[in-house]
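Q: Could you have a look at this structure, given as structure tokens, before my questions?
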Amino acid sequence: MDELDSAIVAELQRDARQSNREIARKVGIAPSTCLERIRALRRRNVIRGYHADVDPRALNRGVQALIAAQVRPLSRDVIERFLDSVSALPEVLSTFVLAGGDDSIIHVAVQDVDHLHAFLIDRLARRKEIVSFRTSVILSQSHKTEITPLDPPVHPGGRVR
């Protein structure tokens, strides 16, 4: 990623619906150069897709929660099968595999607290691979819509790693 790639990515993160011509004008390059750079960024999986930011409340999902789960037996296969299965549930927004005390975090969005309770009891508590889980209801959320590249780590001798 050079500065030009970073500028293109920043523009796409601000508004992915911009035309190639608009992005090229904003970053100061020819539209053909911009298009080729965007294609290269997609080939390298820097750009993984384009998404609409949707308010969960508008989709009748007013309550969100993070569920920390411990899974046993602790093996890659068990964790992957568990998360694949859980990810397919309509309430689940995302899953994370963790190091530390918990094995995974499950981010859910449901209609209300009663539906959250039903999800926990009917969907999670019955799973034999879950030995415990803790739920934290999200009261407020903010997230970045733009990510900038970080500088590469520098070795103590001054060389880039």
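Going by our numbering, the first residue of the sequence shown is number 13, and it counts up by one from there. Idealized CB from N, CA, C, for every residue including glycine.
Can you grab the Cα-Cα spacing for the pair Ala-42 / Val-143, in whole Å?
A: One C-alpha to the other measures close to 57 Å.
Q: Measure the C-alpha to C-alpha separation of Pro-85 and Asp-126 and round it to an integer number of angstroms.
A: Going from the Cα of Pro-85 to the Cα of Asp-126 covers about 30 Å.
Q: What does a CB cutoff of less than 8 Å around Ala-22 pick up in its chain, not counting 5 residues either side in sequence?
A: Closer than 8 Å at the Cβ level, and outside the excluded window around Ala-22, lie Glu-158, Thr-160.
Q: Can you check which of these residues, Leu-47, Ala-77, Asp-124, Gly-61, is closest to Gln-106 by C-alpha distance?
A: Checking the sequence, you will find Ser at residue 106 rather than Gln. Measuring from the Cα of Ser-106, the nearest candidate turns out to be Ala-77.
Q: Which whole-angstrom value is the C-beta distance of Val-122 and Phe-131, which I expect to be below 8 Å?
A: Correct: roughly 6 Å between the Cβ atoms.
Q: State buried or exposed for Asp-14, treating a residue as buried only when at least 16 other CB atoms are found within 10 Å of its CB.
A: It is exposed - the Cβ of Asp-14 has fewer than 16 other Cβ atoms within 10 Å.
Q: Could you check what DSSP says for His-63 in three-state terms: helix, strand or coil?
A: Reduced to three states, the DSSP call for His-63 is coil.
Q: Report the option in Pro-68, Ser-44, Ile-59 whose CA atom is closest to the CA atom of Gln-153.
A: That would be Pro-68, whose Cα lies nearest to the Cα of Gln-153.
Q: Could you tell me the alpha carbon to alpha carbon distance between Leu-71 and Pro-168, rounded to whole angstroms?
A: Roughly 51 Å between the two C-alpha positions.
Q: I need the straight-line Cα distance from Gly-74 to Asp-124, nearest angstrom please.
A: Rounded to whole angstroms, Gly-74 to Asp-124 spans 6 Å at the Cα level.
Q: Taking the CB atoms as reference points, tell me whether Val-120 and Ile-79 lie closer together than 8 Å.
A: It is a contact, given that the beta carbons lie within the stated cut-off.
Q: Would you report the Cα separation of Thr-147 and Asp-96, rounded to the nearest angstrom?
A: Rounded to whole angstroms, Thr-147 to Asp-96 spans 20 Å at the Cα level.
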